Each structure stands twice: as structure tokens, then as C-alpha cells.
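Student: Here you go, one structure.
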Amino acid sequence: MKRAASQPCCWLCVFFRRESHAFGVTMSTPQDLSHLLPDVINIARAAGQLILDIYQNKSYEAFTKSDSTPVTSADLAAHKFLCEQLRELTPDIPILSEEEANIDLATRETWQRYWLVDPLDGTQEFIARSGDFATIIALVENNHPVMGVVYGPVSGVTYYAYAGKGAWKIPDMAQSLKIQTHKHELPSSSIAIAISRRQDINKITRRLSSAWNYDLVPLGSAALKACLVAEGAVDCYLRLGPTGEWDTAATQCIVEEAGGRILSTQLSPLSYNERETLENPNFIVLGDADLPWNEILKIKD
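What follows is the structure, encoded as C-alpha cells:
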């Protein structure tokens, strides 16, 4: 299946000078915080390198949290580092991290904007040593992600976006490439679907219409799978099972800027910081929103 080609970014040198003219434009309003992106990318990479050092040295401890999900000393070390660095960068912006999420809605709903962080997305993959894990940083403003950075420590790949400024990929410290989702030319072409490596494939296939052909691509980290949709490598990512808002916020910005959508499996928009729970519903990341997803996804919940 033919995939959309990435386009080189002509202003990479401007971007990494850390000036207020990031993306080649002047910051237009006080709410435009795109000038922070170079620093946020560097923070994500430094946290990822910290995780990678622990991963390569196999010098970590694993625990089980109260919700029965795994956490390691690498998660906690990256969490501490990210919070310290983001507080230094923006002292007035609150931080919500997967590893420190016990902040009630009454407090959170007073936040106009906040950082939403998953220090180590794909902890199970980290433990299994598959290499499919990432560090995620999002900036959420008025309940919608406006900045997203995803860094894969093993591959060295960085994905990033800011609302209204496109989605980009930096392959292992190389030149930035503009990315976009794959648009189908023929309705009969197969749909490439990224799924969780530990997902029961039958749970996926029985939700899908038999009128289409599918290529299932099992991978680890939720963020990295969503970014594959953003760059047109796969057409969608169907996620069944528990995730948190920190798993989707950064990639929602990246996917939307690349031309796609992230929706619940009822095909409704995801919400951020509007409920006491921070757990997402089942969701689907769509590359080509013009496909008849209401027909393709025959079971919705």
C-alpha cells in the first residue's frame, strides 16, 4: 500500500536556536507557547536517555501499582526529572503525570493550561525488552492538547506538533520531516491497523466489518502506534482496554496536525480534564477521516 512521503522542514536551524521566532513566525498571542517546543523536545530526549541508560544497564526495579499495572524505577526517575525540568521551564504551569495523578477534579478544573506527562509509555515493553517504549509530554489548554512531543529512546525518533503548525518527525537527530496521514485512493485497498502486541486479535477483528481487508501490525507503546498513523505508516490504531489521558494527549495533537483524528470507539472526541477519572474510553486513531469508519467499525462501545 502506497504511503504518503514525508517533506523536509526548511526551518530546522531556526527551530533549534530557541528563539521566539520558532517555526519561522513571531509569537502572535500570549497563549502561543510554540517557542517552548525546542526546550520541551530537549527535556523529553534527556528523560528518554535517562530511561535508556537504565534499560541498557538492566539496573531497575519493577513494582505493581494499586491498579495492578506495572511501574519501574525508570518510570519514577523519568517522572522526577521531567517534573523538575518542566517546573524550571514554566514555573506557573501545573504538571499532571501518570506517576503523580492523584489530583482531584476540583483542583484540576481551575487549570487553564497544564503539562500532561507519561514518563515511560510502554512499561510492559520496557520490562519485556522489546524497545517499544516512549517518553511523552503534552501541553493541554482549555481541555484540548495544543502541543505534543513523543520520543522513542531506543530508535532515537522524535515526533512533535503544535496546534496550527503541522506535525513533524526527527529520525534519530536527523533533519525534521513534515508528516501526514495516509489518504486512501481506492476504497478497496486494505486497511493497515496497529494493535497492541498483547491484544487479543479476535477482540479486534470481531469489531471490524468483513467487507474490508485488514493488515494487523502488532507493536508496543500506545504513543508510538499513534505516531505511525500520523506519519502514514499505518491507517489506524484501535485500542481496547485501559489507558489514561496522558497516553493520548500528545499524540492527539500530533495526529490532528498530520490530518487524522483520535476518537472513542463510539466515534466521539476524547475529553481532557473534564471528569474525575483520568481513564480514557476505548479509542481509535484514524488516518483518513473520510473513510466510512461508522461502517468499518461495526461494534462500538
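Heads up, the sequence shown is in my numbering, so the first residue is 2 and it goes up one at a time. For each residue, glycine too, the CB sits at the ideal point set by N, CA and C. All values derive from a computational prediction rather than experimental measurement.
1) Taking the alpha carbon of residue 36 as the point to measure from, which residue in 136, 174 and 163 has its own alpha carbon closest?
2) Can you look up residue 248 in the DSSP assignment and give me helix, strand or coil?
3) What is the C-beta distance between residue 100 and residue 76, in whole angstroms, given that I count them as a contact (C-beta under 8 Å)?
4) Could you tell me the boundaries of the beta strand (DSSP E) in which residue 145 lies?
5) Count the other CB atoms within 10 Å of the CB of residue 83; is the residue buried (16 or more) or exposed (fewer)?
6) Are residue 182 and residue 259 closer than 8 Å when you measure CB to CB?
7) For a quick check, are the C-beta atoms of residue 300 and residue 284 less than 8 Å apart?
8) Please report the residue range of the beta strand (DSSP E) in which residue 170 lies.
9) Cα separation between residue 179 and residue 170?
10) Let me know the secondary structure DSSP gives residue 91 once reduced to three states.
11) Pull up the distance between the alpha-carbon of residue 203 and that of residue 32, whole angstroms please.
12) Please go through the same chain and pick out, in chain order, the residues whose beta-carbon is closer than 8 Å to the beta-carbon of residue 105, but skip the five residues on each side of it.
13) Rounded to the nearest angstrom, how far is the Cβ of residue 281 from that of residue 252, given a contact under 8 Å?
14) Report all residues from its chain with a CB closer than 8 Å to the CB of residue 20; omit the five preceding and five following residues, and keep chain order.
15) Report buried or exposed for residue 290, applying the criterion of at least 16 other Cβ atoms within 10 angstroms of its Cβ.
16) Helix, strand or coil for residue 282 per DSSP?
17) Between the segment 201-216 and the segment 118-134, do three or more beta carbon pairs fall short of 8 Å?
18) Starting from residue 264 and walking both ways along the beta strand (DSSP E), at which residues does that stretch end?
19) Tell me residue 1's beta-bridge partners as DSSP assigns them.
20) Residue 239 lies in the beta strand (DSSP E); which residues open and close that run?
21) Out of curiosity, what's the CA-to-CA distance linking residue 229 and residue 151?
22) Between the beta-carbon of residue 273 and the beta-carbon of residue 141, is there less than 8 Å?
23) In the DSSP assignment, find the beta strand (DSSP E) that holds residue 120 and state where it starts and stops.
24) Please list the terminal residues of the continuous alpha helix (DSSP H) segment that includes residue 51.
25) The beta strand (DSSP E) that contains residue 159, what's its start and end?
Tutor: With the structure as the only source:
1) The residue labelled residue 36 in the question sits at position 35 within the sequence shown. When each option's Cα is compared against that of residue 36, the closest is 163.
2) Residue mapping note: residue 248 aligns to position 247 of the sequence shown, counting from 1. Helix, per DSSP.
3) Along the sequence shown, one-based indexing puts residue 100 at 99. Along the sequence shown, one-based indexing puts residue 76 at 75. With a Cβ gap of about 6 Å, residue 100 and residue 76 count as contacting.
4) What you label residue 145 is simply residue 144 of the sequence shown in a count that begins at 1. 145-153 is the span of the beta strand (DSSP E), which, as asked, contains residue 145.
5) Residue mapping note: residue 83 aligns to position 82 of the sequence shown, counting from 1. By the neighbour-count rule (16 or more Cβ atoms within 10 Å), residue 83 is buried.
6) Within the sequence shown, residue 182 is the residue found at index 181, counting from 1. Within the sequence shown, residue 259 is the residue found at index 258, counting from 1. Yes, the pair counts as a contact, with Cβ atoms nearer than the cut-off.
7) Position 299 of the sequence shown, counted from the start, is the residue given in the question as residue 300. Position 283 of the sequence shown, counted from the start, is the residue given in the question as residue 284. No, the Cβ-Cβ distance between residue 300 and residue 284 is not below 8 Å.
8) Stepping through the sequence shown from its first residue, residue 170 is reached at position 169. Start and end: 168-171.
9) On the sequence shown, residue 179 is found 178 positions in, with the first residue counted as 1. On the sequence shown, residue 170 is found 169 positions in, with the first residue counted as 1. For residue 179 and residue 170, the distance between alpha carbons rounds to 6 Å.
10) Position 90 of the sequence shown, counted from the first residue, corresponds to residue 91. Correct three-state label for residue 91: coil.
11) In the sequence shown, counting from the first residue as 1, residue 203 sits at position 202. In the sequence shown, counting from the first residue as 1, residue 32 sits at position 31. For residue 203 and residue 32, the distance between alpha carbons rounds to 45 Å.
12) To locate residue 105, count along the sequence shown from 1; it is residue 104. Answer for residue 105: 277, listed in chain order.
13) Mapped onto the sequence shown, residue 281 falls at position 280. Mapped onto the sequence shown, residue 252 falls at position 251. Not a contact, Cβ separation roughly 12 Å.
14) One-based indexing of the sequence shown puts residue 20 at position 19. Note that residue 20 has pLDDT 35, beneath the 50 cutoff, so the model's placement of it is unreliable and no number is given.
15) As a first step, residue 290 must be located in the sequence shown, where it is residue number 289. Exposed.
16) As a first step, residue 282 must be located in the sequence shown, where it is residue number 281. Residue 282: coil per DSSP, three-state reduction.
17) no
18) As a first step, residue 264 must be located in the sequence shown, where it is residue number 263. 262-265 is the span of the beta strand (DSSP E), which, as asked, contains residue 264.
19) Because the chain here runs from 2 to 302, residue 1 falls outside it and cannot be looked at.
20) Here residue 239 refers to the residue found at position 238 when the sequence shown is read from its first residue. Residues 237-240.
21) Taking the sequence shown and counting its residues from 1, one reaches residue 229 at position 228. Taking the sequence shown and counting its residues from 1, one reaches residue 151 at position 150. Using only the alpha carbons, I get a separation of about 12 Å.
22) Start at 1 with the first residue of the sequence shown, and residue 273 comes out as number 272. Start at 1 with the first residue of the sequence shown, and residue 141 comes out as number 140. Going by C-beta atoms, residue 273 is nearer than 8 Å to residue 141.
23) Here residue 120 corresponds to residue number 119 of the sequence shown, with the count starting at 1. Run containing residue 120: 114-122, per the beta strand (DSSP E) assignment.
24) Position 50 of the sequence shown, counting from 1, holds the residue named residue 51. From DSSP, the alpha helix (DSSP H) with residue 51 extends over 38-58.
25) Taking the first residue of the sequence shown as 1, we reach residue 159 at position 158. Its beta strand (DSSP E) spans residues 158-163.
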